[in-house]
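Here's the structure we're looking at; comments come further down.
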Amino acid sequence: MSRRTPWSADRPVWRYPVPHQLTALYNRPEDPAAFDRYYDEVHTPLAAKLPGLRSFLVNRPGPDADGNPPPYHLIAVLTFDSAEAFGAALNGPEGKAAVADLPNFAGAGVTILNGPAEAVV
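Residue numbers (the numbering used here): 7 to 127.
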């Protein structure tokens, strides 16, 4: 019997997100270095202030074994204490500020996954 994993082998997309988890998949920006600076200096502190945030993990995938660029430049996974905390955080002032900030640096596009919902910004 094969073991299920939350990540697809050919594309790093979270397939079984929990209701109180948000995954953001950022496409490659025109200027990756500027994107990384902005994300680390401006956007990360906004997200870190979300009430009820249990963990905030960021992954910058490298090329695959053949040297091909990764499908995403950056993957962020935010996990909250509960589904209620998740909803309250995203509807509060910190969450609204973080979402409003997305267009400032995510010009290449970002896919947001949370629970069964998916949005492309």
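For every residue, glycine included, the Cβ atom is placed at its ideal position computed from N, Cα and C.
| Asked | Found |
| --- | --- |
| Around the C-beta of residue 31, are 16 or more other C-beta atoms found within 10 angstroms, so that it is buried, or is it exposed? | buried |
| In chain order, what residues of the same chain have a beta carbon less than 6 Å from the beta carbon of residue 63, not counting five sequence neighbours either side? | 83 |
| Please determine, among 119, 44 and 49, the residue with the shortest C-alpha to C-alpha distance to residue 102. | 49 |
| What I want to know is whether the C-beta of residue 59 ends up closer than 8 Å to one or more non-hydrogen atoms of the ligand ATP. | For the ligand ATP, the structure offers nothing, since it holds no ligand at all. |
| Using a threshold of 9 Å, state whether the C-beta atoms of residue 56 and residue 95 are closer than that. | yes |
| Compute the distance between the beta-carbons of residue 66 and residue 42, then report whether it is under 9 Å. | yes |
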